[in-house]
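All remarks here apply to the structure that follows.
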Amino acid sequence: MAPVVGIIMGSDSDWPTMEAAALALAEFEVPFEVGVVSAHRTVRKMVDYAESAAGRGIKAIIAGAGGAAHLPGMVAALTPLPVIGVPVPLKHLDGMDSLLSIVQMPAGVPVATVSIGGARNAGLLAVRILGASDPALRARMAAFQAGLEKLVEEKDTALRQ
Ligand code: RP5
Numbered sequence: 001m002a003p004v005v006g007i008i009m010g011s012d013s014d015w016p017t018m019e020a021a022a023l024a025l026a027e028f029e030v031p032f033e034v035g036v037v038s039a040h041r042t043v044r045k046m047v048d049y050a051e052s053a054a055g056r057g058i059k060a061i062i063a064g065a066g067g068a069a070h071l072p073g074m075v076a077a078l079t080p081l082p083v084i085g086v087p088v089p090l091k092h093l094d095g096m097d098s099l100l101s102i103v104q105m106p107a108g109v110p111v112a113t114v115s116i117g118g119a120r121n122a123g124l125l126a127v128r129i130l131g132a133s134d135p136a137l138r139a140r141m142a143a144f145q146a147g148l149e150k151l152v153e154e155k156d157t158a159l160r161q
């Protein structure tokens, strides 16, 4: 199946964080592609990737980066597709630098920023975006949410016993 979500990251060192996005998409059987695209080290590749994504059938982009994390914002500036930004925590500053680099976008160029290291939620958000125009996928998301509720209720019951 052709990929409909692009997962990109500034470095292969981001993969241990970003893998959770891929796992979430796989859980919902959403086809995706993964790649390293750096805003600073491979500028032309970033431009090519962002400008060609919609034409290749990509419907949402998950972009993760750490430190001076310019990738999600730059990609959002280059594509009309929804972009979800994942702040990757590095060894300094606990990921606050990554978060602040991604979250404070200028008006007109939105990036849907998830929590520091929140790649799983990025994957789930991409599923929800696709589900807006895919009733079957939306139903699977609703079932997933019902499962979360059931799990919490079970834990509550166990705690009370
Ligand atoms: C960022 O620099 C990457 O997204 C990564 O989080 C960070 C460090 O990259 P490496 O030096 O590990 O390649 O652009």
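In UniProt numbering, the protein residues as written are 1 to 161.
Glycine included, each C-beta is placed from N, C-alpha and C at the ideal position.
Can you grab the Cα-Cα spacing for the pair A50 / V75, in whole Å?
Computed Cα separation, rounded: 6 Å.
Tell me whether A76 sits in a helix, a strand or coil according to DSSP, three-state version.
Helix, per DSSP.
Specify which residues have a beta carbon nearer than 5 Å to any heavy atom of the ligand RP5, listing them in chain order.
Ordered along the chain, the selected set is G10, S11, S13, D14, A65, G66, G67 and V88.
What's the gap between the Cα of K45 and the Cα of S38?
For K45 and S38, the distance between alpha carbons rounds to 8 Å.
What does the alpha-carbon distance come out to for the pair V34 and H92?
C-alpha separation (whole angstroms): 26 Å.
Out of A143, A22, S13 and V47, state which residue places its alpha-carbon closest to the alpha-carbon of G67.
Among A143, A22, S13 and V47, the Cα nearest to that of G67 is on S13.
Between the alpha carbons of V114 and P72, how many angstroms are there, rounded?
Distance between the alpha carbons of V114 and P72 is about 11 Å.
With DSSP as the reference, label I102 as helix, strand or coil.
Reduced to three states, the DSSP call for I102 is helix.
Per DSSP, what kind of secondary structure is G10 in: helix, strand or coil?
Looking at G10 - three-state DSSP - the assignment turns out to be coil, as it is neither helix nor strand.
Measure the C-alpha to C-alpha separation of M105 and L137 and round it to an integer number of angstroms.
C-alpha separation (whole angstroms): 30 Å.
Would DSSP call A119 helix, strand or coil?
Helix.
Kindly list the residues whose CB is nearer than 8 Å to the CB of L130, restricted to its own chain and excluding five residues on each side of it in sequence; keep chain order.
Within the same chain, L130 has close Cβ partners V4, V5, V30, K59, A60 and L137.
By Cβ distance below 7 Å, which residues in the same chain neighbour M141 in space, the five residues on each side in sequence not counted?
Excluding residues within five positions, the ones whose Cβ falls inside 7 Å are V127, R128 and G131.
Quick one, are the C-beta atoms of R120 and A24 less than 7 Å apart?
Contact: yes.
Tell me whether the beta-carbon of I7 lies closer than 7 Å to the beta-carbon of A20.
No; because the gap between Cβ atoms is not below 7 Å, this pair is not in contact.
Would you list the residues sitting across from F42 in a DSSP beta bridge?
Looking at the sequence itself, residue 42 is Thr, so the reference to Phe does not match. BP columns for T42 are empty, so no partner.
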